[in-house]
Amino acid sequence: SIDTNNIMSTIFKAPKIMVHPIDVTTDTTTNTDATKANIIASDVTTGATKDDATHLLPHRRSTDGGHGPSHTSSRPVLSYGIVIFLMINRSINLVLYKAFTTFSYYFSQYFGMNYTLFALIAVMNFPGNLLNIAVVPYYHQYKVRYVIIVFEIVLAGCCLLILPFHSVAGLLVVRLLTGFAITAVRSEVNATLGAFTKGSRRTNAISIVEMSFGFSAMGFLVVGTVLEYFGWRTFFAGSAVLIACIAAVSWFVIPAWHMDHSATEQLQKKAKKKYSYSQLREALTHYRLQLVFVSIFLNKVARNAFYYTFSKWLYEQYGLGPQQAGYVTLTVAAGCLVGTTIVPFIV
6 SIDTNNIMST
16 IFKAPKIMVH
26 PIDVTTDTTT
36 NTDATKANII
46 ASDVTTGATK
56 DDATHLLPHR
66 RSTDGGHGPS
76 HTSSRPVLSY
86 GIVIFLMINR
96 SINLVLYKAF
106 TTFSYYFSQY
116 FGMNYTLFAL
126 IAVMNFPGNL
136 LNIAVVPYYH
146 QYKVRYVIIV
156 FEIVLAGCCL
166 LILPFHSVAG
176 LLVVRLLTGF
186 AITAVRSEVN
196 ATLGAFTKGS
206 RRTNAISIVE
216 MSFGFSAMGF
226 LVVGTVLEYF
236 GWRTFFAGSA
246 VLIACIAAVS
256 WFVIPAWHMD
266 HSATEQLQKK
276 AKKKYSYSQL
286 REALTHYRLQ
296 LVFVSIFLNK
306 VARNAFYYTF
316 SKWLYEQYGL
326 GPQQAGYVTL
336 TVAAGCLVGT
346 TIVPFIV
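With this note's numbering, the residue at position 217 of the sequence shown is 222, and numbering never jumps.
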């Protein structure tokens, strides 16, 4: 006989976030459990107010093996309203993150800059991503809510800095800071999802947040329309105002919590021991893994080459403006959805 459950679990694998869910109580026993889980809630360790817990829902579970009535436990979970807010936040950040590449030719024309030079400036988001890796241990010492708000404010400030400082040096710095801030917010959002969701709720939460890619594609329509009819200054000024509003709302909806720094370091040491450089090098000696590595590398090259020449090709070959480029971007998003939903069933 065929084990249907086994087949379905093989096809649909629940995504994982390497942050354990937290337990929030006032007794010392549960505090020890929370420490073992590598997470400490701020209303336990830092004396935060009860308002911090109002952003979360109580988790209902049974304490006698599932045979008795369920009751409200001490472990809080994120409401789906907060998850949707995090998805919207990520969508807006993705739009700003990729607008420089999707509309790169139009921006180079607006700024009176050589297109190749502007393309080099646009890729400065990658050093910003690497900068985030080096800085993570430092901002993990603070509450995640405050970290998200600070980096959202940095992102809004970068949008405003472009208005007077759209020279080569100014755009280099702004693009670097933009990539850094967006990556930092994304990592903190993922950590929050991992800390306050578990099981099927975590799977549903991640699925909702991943919808940000589809929403960001629709956001390109808005970007193209604004650039076409209102200009690039309105786009960046409006982006700064919108991101500032997101930061303000974050203060009220994102729970105040922080990671246990010592426990996080222990977890990182275990991960390094489990996935060492020597093991990675040994794995890459296999022929099939080498092909996978090369194929992924070529895919990244082709995808970035497409995005960085996309707008120039549309303008020079077909005379299309930013709004029309936004419509064409929807087909790219539709292709991504087909690749992630239909192709796995075929394969």
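For glycine and all other residues, C-beta sits at the position ideal for the given N, C-alpha and C. Computed from a prediction, not measured in an experiment: that's the story for all the values here.
Which of the three DSSP states, helix, strand or coil, is assigned to L232?
Locating residue 232 in the sequence shown gives position 227, where the first residue counts as 1. In this structure, L232 counts as helix in the three-state DSSP scheme.
At the level of alpha carbons, what is the spacing between V29 and I93?
Translated into positions along the sequence shown, residue 29 becomes position 24. Translated into positions along the sequence shown, residue 93 becomes position 88. With a pLDDT of 44 at V29, under the threshold of 50, the modelled position of this residue cannot be trusted, and the question is left open.
Which residues in the same chain as Y147 place their Cβ atom closer than 8 angstroms to its Cβ, once the five residues preceding and following it in sequence are excluded?
For this step, residue 147 is matched to residue 142 along the sequence shown. Only H263 meet the Cβ criterion.
Hey, which unbroken runs of the alpha helix (DSSP H) at 4 residues or more fall wholly within the stretch 130-171?
Listed in chain order, the complete alpha helix (DSSP H) runs (minimum 4 residues) inside the stretch 130-171 are 130-144, 149-167.
Given this structure, state the Cα-to-Cα distance separating S255 from R191, to the nearest angstrom.
Within the sequence shown, residue 255 is the residue found at index 250, counting from 1. Within the sequence shown, residue 191 is the residue found at index 186, counting from 1. Each residue's Cα considered, the two are about 14 angstroms apart.
Taking DSSP as the reference, what is the three-state secondary structure of N195?
Within the sequence shown, residue 195 is the residue found at index 190, counting from 1. The answer is helix: DSSP assigns N195 an H, G or I state.
To the nearest angstrom, report how far apart G326 and S109 are at their CA atoms.
Indexing the sequence shown from 1 puts residue 326 at position 321. Indexing the sequence shown from 1 puts residue 109 at position 104. In a straight line, the C-alpha of G326 is about 12 angstroms away from that of S109.
Which of the three DSSP states is assigned to V128 in this structure?
Residue mapping note: residue 128 aligns to position 123 of the sequence shown, counting from 1. It is coil, neither helix nor strand.
For L247, write down the residues that DSSP places opposite it in a beta bridge.
Within the sequence shown, the letter at position 242 stands for residue 247. Paired residue(s): none; L247 is not in a bridge.
Taking the straight line between their C-alpha atoms, what separation do you get for V227 and I138?
As a position in the sequence shown, residue 227 is number 222, starting the count at 1. As a position in the sequence shown, residue 138 is number 133, starting the count at 1. Each residue's Cα considered, the two are about 32 angstroms apart.
Buried or exposed: T33, going by 16 or more other Cβ atoms within 10 Å of its Cβ?
Position 28 of the sequence shown, counted from the start, is the residue given in the question as residue 33. Its pLDDT being 39, under 50, T33 is placed unreliably in this model, and the coordinates cannot settle the point.
Check P260 in the structure and name its three-state DSSP category.
Translated into the one-based positions of the sequence shown, residue 260 becomes position 255. Correct three-state label for P260: coil.
Decide yes or no for the touch test of the stretch 216-224 against the stretch 313-321: beta carbon pairs closer than 8 angstroms, at least 3 of them.
The stretch 216-224, when compared against the stretch 313-321, does not touch it at the 8 angstroms Cβ threshold.
With the cut-off set at 9 angstroms, would you say A242 and E157 are in Cβ contact?
Working through the sequence shown from its first residue, we reach residue 242 at position 237. Working through the sequence shown from its first residue, we reach residue 157 at position 152. No. Outside cutoff.
Could you have a look at Y332 and say whether DSSP puts it in helix, strand or coil?
On the sequence shown, position 327 is the one that residue 332 refers to. Looking at Y332 - three-state DSSP - the assignment turns out to be helix.
Would you give the residue range spanned by the alpha helix (DSSP H) that K356 belongs to?
In the structure as shown, the chain starts at 6 and stops at 352, and residue 356 therefore has no counterpart that could be examined.
With the cut-off set at 9 angstroms, would you say L91 and V214 are in Cβ contact?
In the sequence shown, residue 91 corresponds to position 86, counting from 1. In the sequence shown, residue 214 corresponds to position 209, counting from 1. Yes, Cβ-Cβ distance for L91 and V214 is below 9 angstroms.
Apart from the five residues just before and just after P132, which ones in its own chain have a Cβ nearer than 8 angstroms to its Cβ?
In the sequence shown, residue 132 corresponds to position 127, counting from 1. Cβ neighbours of P132 beyond the five flanking positions: L181, G184.
Would M129 be called buried (16 or more neighbouring beta carbons within 10 Å of its own) or exposed?
As a first step, residue 129 must be located in the sequence shown, where it is residue number 124. With 16 or more Cβ atoms within 10 Å of its Cβ, M129 is classed as buried.
Using only alpha-carbon positions, find the residue among F235, I126, L136 that is nearest to Q328.
Here residue 328 refers to the residue found at position 323 of the sequence shown. Of the listed residues, the one whose Cα sits closest to Q328 is F235.
Between which two residues does the alpha helix (DSSP H) carrying F112 extend?
Stepping through the sequence shown from its first residue, residue 112 is reached at position 107. F112 -> alpha helix (DSSP H) spans 109-115.
In three-state terms, what does DSSP make of N209?
Along the sequence shown, read from residue 1 onward, the residue named residue 209 stands at position 204. In this structure, N209 counts as helix in the three-state DSSP scheme.
Excluding the 5 residues preceding and the 5 following A210 in the sequence, name in chain order all residues of the same chain whose CB lies nearer than 6 angstroms to its CB.
Here residue 210 refers to the residue found at position 205 when the sequence shown is read from its first residue. Same-chain partners within the cutoff: V88, L198, T202.
Relative to the C-alpha of S244, which residue among I301, H291, L165 is closest?
Here residue 244 refers to the residue found at position 239 when the sequence shown is read from its first residue. It is L165 whose Cα lies nearest to the Cα of S244.
Let me make sure I understand the geometry here. Which of A127, P260, R286, N309 has the alpha-carbon closest to that of I154?
Stepping through the sequence shown from its first residue, residue 154 is reached at position 149. Of the candidates A127, P260, R286, N309, the one whose C-alpha sits nearest the C-alpha of I154 is P260.
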